[in-house]
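Numbering (the working numbering), first residue to last: 301 to 436.
Using N, Cα and C, we set each Cβ at its ideal position, and we do this for glycine too.
Working notes, beginning with the structure itself.
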């Protein structure tokens, strides 16, 4: 795997660990620490060139499903509140749910990138292993 991708996934692994740490003051910290911990682990494995496709696919599916379920109805209002507030404290339940929804979307996107790269690598290896020697 290229060095740039290793760095990309290593940085995201560290960011997800930071996101997990920030969940200590959340109303439901263990859930979100688990989600971000899973994402950190999967990105760390991807940085080392290991891609567990079933776990990555599950992360994509669950992340997208969670995002759709939690998607804030008043996204414009949420963005306006965030801009006016200009700090990271949670003032309303809508702000918390919107942040959580976009956290799930971020997990789904990164797991999708890792799954796609892992799938391409796996497909490439199969192609090499299953080439017909007579076609040289």
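Query                                                                                                                          : Result
For residue 309, which option in 396, 346 and 351 has the closest C-alpha, if you only look at C-alpha atoms?                  : 346
Among 421, 363, 384 and 383, which residue has its Cα nearest to the Cα of residue 440?                                        : Look at the range of the chain in this structure, 301 to 436, and you will see that residue 440 is not part of it.
When the cut-off is 8 Å and only beta carbons count, does residue 425 lie next to chain C?                                     : Within the model displayed, chain C is absent; a lone protein chain is all it includes.
Let me know the secondary structure DSSP gives residue 352 once reduced to three states.                                       : coil
Would you report the Cα separation of residue 355 and residue 304, rounded to the nearest angstrom?                            : 23 Å
Where does residue 428 sit, in a helix, a strand or coil, going by DSSP?                                                       : Below a pLDDT of 50, predicted positions are generally treated as unreliable, and residue 428, at 48, falls in that range; no measurement from the model is reported.
Is residue 431 buried or exposed, if buried means 16 or more other CB atoms sit within 10 Å of its CB?                         : Residue confidence for residue 431 is low, a pLDDT of 47 falling below 50, so the modelled location carries little weight; the figure read from the coordinates is stated next. By the 10 Å Cβ count, residue 431 comes out exposed.
In this structure, does DSSP put residue 333 in helix, strand or coil?                                                         : helix
Taking Cβ to Cβ, would you say residue 323 is nearer than 8 Å to residue 338?                                                  : no
If I'm right that residue 408 touches residue 360 with Cβ under 8 Å, what's the distance once you round it to whole angstroms? : 5 Å
What's the gap between the Cα of residue 317 and the Cα of residue 424?                                                        : 31 Å
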